[in-house]
Amino acid sequence: MRPNCTTVYLVSCVSQKREHACAARDLYVSDLFLKARRFAEASGCLWFILSAVHELVAPDQVIAPYERTLNTMRAVDRRAWGERVAAQLAEAVSDLSRVVFLAGERYREFLARHLASRGVEVSVPMEWLRIGEQLSWLGQHSPPPAV
-19 MRPNCTTVYL
-9 VSCVSQKREH
1 ACAARDLYVS
11 DLFLKARRFA
21 EASGCLWFIL
31 SAVHELVAPD
41 QVIAPYERTL
51 NTMRAVDRRA
61 WGERVAAQLA
71 EAVSDLSRVV
81 FLAGERYREF
91 LARHLASRGV
101 EVSVPMEWLR
111 IGEQLSWLGQ
121 HSPPPAV
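The following block contains the structure:
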């Protein structure tokens, strides 16, 4: 991690997962997640995974596969999830100044509001892009994969 980096990257979980417990960075296997992960890691700053089940997940945290998504949760439950994740993030990163979301609307809607209300700058570089466009954007803005 880059010293004194006060930016955190948040990558949302995806439905495509390995069939066994492993480090969260390796659990999710979709092309979108892998490209978002590479983009976040290349920043040199901290990054976390947003999970509907486990909330704020460190990349090296071992978790088992699951089948829940914020996309099917009620707004009141998503709001409560966002409050919990904002609190977890504040505890994990004391000098947080900026969050970059690499996540869909349901994963950032309430969380982004909580962060902004605490004075954290919120960035959503792919906000209006469809999935294919997100893949292209990440491909253009990320370093090539390690060989």
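Take -19 as the starting number for the sequence shown in our numbering and just add one per residue.
Backbone N, C-alpha and C fix where the C-beta goes; we use that ideal spot for every residue, glycine too.
Query: Beta-carbon proximity check, Lys(-3) vs Leu115, cutoff 8 Å; Result: no
Query: Own chain partners of Glu13 with C-beta closer than 6 Å, once the 5 adjacent residues on each side are dropped; Result: What sits at residue 13 in the sequence shown is Phe, not Glu. So the qualifying residues of the chain are Val(-6).
Query: Bounding residues of the alpha helix (DSSP H) (the contiguous stretch that carries Arg93); Result: 85 to 97
Query: The alpha helix (DSSP H) enclosing Arg78, as first and last residue numbers; Result: Run containing Arg78: none in the alpha helix (DSSP H); it sits in the beta strand (DSSP E), 78 to 82.
Query: CB of Val65 within 8 Å of CB of Leu30, strictly; Result: yes
Query: Short Cβ contact (8 Å threshold) for Ala72 with Ser(-8); Result: no
Query: Whether Val37 touches Leu76 by CB criterion (8 Å); Result: no
Query: Rounded distance between the beta-carbons of Leu26 and Cys(-15), thought under 8 Å; Result: 7 Å
Query: Close-in-space but distant-in-sequence residues of the same chain around Arg18 (CB under 8 Å, 5 per side omitted); Result: Leu118, Ser122, Pro123, Pro125
Query: Endpoints, alpha helix (DSSP H) assigned at Leu12; Result: 11 to 23
Query: Leu(-10) vs Ile43 beta-carbon contact at 8 Å; Result: no
Query: Burial state of His94 (16 or more Cβ within 10 Å); Result: buried
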